[in-house]
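Report on the following structure.
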Amino acid sequence: MNKPLIIGISGGTGSGKTRFTKELISRFNSKDLIYISQDSYYKDLSSISYEERCSVNFDSPDSIDFSDLLKDIRKLIKFEITDIPIYNFKRHLRMKESNRIKPKSIIIIEGIFSLYKLEIRELMDVKIFVDTPADIRILRRAKRDINKRERTIESIVDQYLTTVRPMHKKYVEPTKSYADIIVPNGGKNKVALDIINSQLLPMMKEVLKHANS
């Protein structure tokens, strides 16, 4: 059985990579596709107090359980059923429940560190980096964290200055050099979506042809 087509999508926090990913997925047949968010793989911090969990640097790659992510990707490559973690951002904990995923022919992996690990990059067929100016990214992150994660504007600004900005420059921005395609302006870039769609469709058809043969 052939290997699934694996697409990696990265970019800074608030870059629009999730919107871009959803726009891309909407153009394909969802029954043939698995979407994995790297955010599901934040490390389990149940061994420390809530106060300690709140002080963890979640913008560092050290906060991600890459071994679990890599293990699950490899299982999906072997067309095995896989349990994807569920992460609670309000409590900074992994839930006991998980999402059971059936293997499919196309896998999309999205997150700020999707292109960070060599072992994961080597499994990807297409690598995309969504590039957006820093001022737009911080405004988007602030809106998201206030509405979805019940954060205060003071805590968001403090986190941005102490961890988000330096971690982006040190760990996220350099991964742009690994991308096959760099997309400016995130999910709003319809031209980029059209071009990428036209390039991916033949690859997907080839994968699906082998999967169904």
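Counting from 7, one number per residue, gives the positions in the sequence shown under my numbering.
Glycine residues also receive a C-beta, built at the ideal position from the N, C-alpha and C atoms.
Quantities reported herein were computed from a predicted structural model and do not represent experimental measurements.
Along the chain, where does the alpha helix (DSSP H) containing residue i start, and where does it finish?
i: R106; result: That residue, R106, is in no alpha helix (DSSP H); its beta strand (DSSP E) goes L99 to I107.
i: I159; result: I159 to Q165
Of all the options the options, which has the alpha carbon lying nearest to the alpha carbon of residue i?
i: G22; options: E179, K9 and R143; result: R143
i: I118; options: K108, I70, L76 and K215; result: I70
i: I42; options: S183, I31 and N35; result: I31
i: K81; options: Y166, N191, R127 and K9; result: K9
i: L51; options: D186, V62 and K196; result: V62
i: Y48; options: H98, H216, F34 and A217; result: H98
i: M173; options: E160, T138, S66 and Y56; result: S66
i: I112; options: D68, R100, E125 and L129; result: L129
i: P225; options: Y122, M209, D78 and V132; result: Given a span of 7 to 219 for the chain in the structure shown, any question on residue 225 remains unanswerable.
i: R155; options: Y184, Y93, D131 and E86; result: Y93
i: D89; options: E160, D74 and C60; result: D74
i: P91; options: Q165, I107 and F85; result: I107
i: I164; options: C60, T27 and G18; result: The question names Ile, but residue 164 in the sequence shown is Asp. The shortest Cα separation from D164 among C60, T27 and G18 belongs to C60.
i: F34; options: H216, K211, K215 and R157; result: K211
In the DSSP assignment, the beta strand (DSSP E) including residue i goes from what residue to what residue?
i: Y41; result: L39 to S43
In this structure, how does DSSP classify residue i when only helix, strand and coil are distinguished?
i: P10; result: coil
i: G192; result: helix
i: I92; result: strand
i: I114; result: strand
i: S204; result: helix
i: S120; result: coil
i: E128; result: coil
Tell me, please, which residues DSSP counts as bridged to residue i.
i: S16; result: F135
i: I187; result: I134
State yes or no: is the beta carbon of residue i nearer than 7 Å to at least one beta carbon in chain B?
i: Y177; result: Judged by its chain identifiers, the structure shown contains no chain B, having just a single protein chain.
Exercise. Curious, which full-length alpha helix (DSSP H) runs of at least 4 residues does the region 21-86 contain?
Worked result: Within the region 21-86, the runs of alpha helix (DSSP H) at least 4 residues long that lie entirely inside it are, in chain order, 23-31, 56-60 and 72-83.
For this session: Note down, one range per segment and in chain order, each beta strand (DSSP E) of at least 3 residues found wholly within the region 130-156.
Result: Runs of the beta strand (DSSP E) inside the region 130-156: 132-137.
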